[in-house]
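Q: First residue of the sequence shown: 15, per the numbering used here; consecutive thereafter.
Sharing a structure, written as structure tokens. Questions coming.
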Amino acid sequence: MPCDAVGCFPQCVSDSFPDFFLRWNLICSLPYSHTIDYLFLPVSSFQHILELAGSSFLVKAVIYTDLNGTYYPWKSELQDVLSTDYTTLASSVCNLTIESLYLGDPIISKDARCFNIVFVPVNNSNEQVGTTQSGIVNVNITGVQANINIELVSINASLINESIFYNILVNGYNQLNKTLNIYVMDIEIYRE
């Protein structure tokens, strides 16, 4: 038995790993002959378990500047992920969504994250902007719809459907301080 400064150890030879890393035999030389079986599984063997541990949802919501339904104004810069307009609004929408989820259910929303935020123009073809002597003045206003992908990593997240997610989000949103710089309405939820 070879020894070094740490101690004496039996000499061992390992069998080669099979392609699927299922078993590894460690055979030690006499007088310390032992066979030790180990079970090695690649991470991909647990992929289905990892997928069950979380869920992704697509949240579609129209963004407003107040509770009276004034659209957040569309800008073409919102399509450029490197623009200040995009990063500012994406950060605000993500924070609003994550904070709402947290207030709705802190356990489910623990470590939730936003990804792949896309802004698209949305039209209200008949928004009343004032009145004149000749009648109501209507104009086409282009607002912003946010499409936000939310990833929940909680082990219980796999049990949540669109309806439950919607209720968690809206219940949390209703608890927020209403002195925000943006508001969301017309919320739609899709499981990814």
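Glycine residues also receive a C-beta, built at the ideal position from the N, C-alpha and C atoms.
Just so we're clear, the structure is a prediction, and the values are computed from it rather than from any experiment.
Taking just the CA atoms, how far does residue 69 sit from residue 198?
A: Looking at the two C-alpha atoms, the distance is approximately 22 Å.
Q: Which partner residues of residue 202 appear in the DSSP bridge assignment?
A: BP columns for residue 202 point to 74.
Q: From which residue to which residue does the alpha helix (DSSP H) around residue 178 run?
A: Unbroken alpha helix (DSSP H) run through residue 178: 176–189.
Q: Which partner residues does residue 156 have in the DSSP bridge list?
A: According to DSSP, residue 156 bridges with 137.
Q: With DSSP as the reference, please indicate the residues paired to residue 132 in a beta bridge.
A: The partner list for residue 132 (beta bridge, DSSP) reads 161.
Q: Between the alpha carbons of residue 157 and residue 73, how many angstroms are there, rounded?
A: C-alpha separation (whole angstroms): 17 Å.
Q: What number of angstroms, rounded off, separates the C-alpha of residue 188 from the C-alpha of residue 90?
A: So the alpha carbons of these two residues sit roughly 30 Å apart.
Q: Compute the beta-carbon to beta-carbon distance between residue 107 and residue 162, rounded to the nearest angstrom, for a pair I have assumed lies under 8 Å.
A: 6 Å between Cβ atoms; contact.
Q: What distance in whole Å lies between the Cβ atoms of residue 104 and residue 131, which are believed to be in contact at a cut-off of 8 Å?
A: Contact holds; Cβ gap of about 5 Å.
Q: Can you tell me whether residue 95 is buried or exposed? The criterion is at least 16 other CB atoms within 10 Å of its CB, across all chains shown.
A: It counts as exposed.
Q: Can you tell me where the alpha helix (DSSP H) with residue 171 in it begins and where it stops?
A: That residue, residue 171, is in no alpha helix (DSSP H); it is neither H nor E in DSSP.
Q: Does the Cβ of residue 111 have 16 or more other Cβ atoms within 10 Å, making it buried, or fewer, making it exposed?
A: Label assigned to residue 111: buried.
Q: Give me the Cα-Cα distance between residue 201 and residue 79, rounded to the nearest whole angstrom.
A: So the two alpha carbons sit approximately 15 Å from each other.
Q: Classify residue 69 as helix, strand or coil using the three-state DSSP reduction.
A: Correct three-state label for residue 69: strand.
Q: Identify whether residue 86 lies in helix, strand or coil by the three-state DSSP scheme.
A: Reduced to three states, the DSSP call for residue 86 is coil.
Q: Given this structure, state the Cα-to-Cα distance separating residue 173 from residue 167, to the nearest angstrom.
A: One C-alpha to the other measures close to 12 Å.
Q: Between residue 205 and residue 175, which are expected to be in contact by the criterion C-beta below 8 Å, what is the C-beta distance as a whole number of angstroms?
A: Correct: roughly 7 Å between the Cβ atoms.
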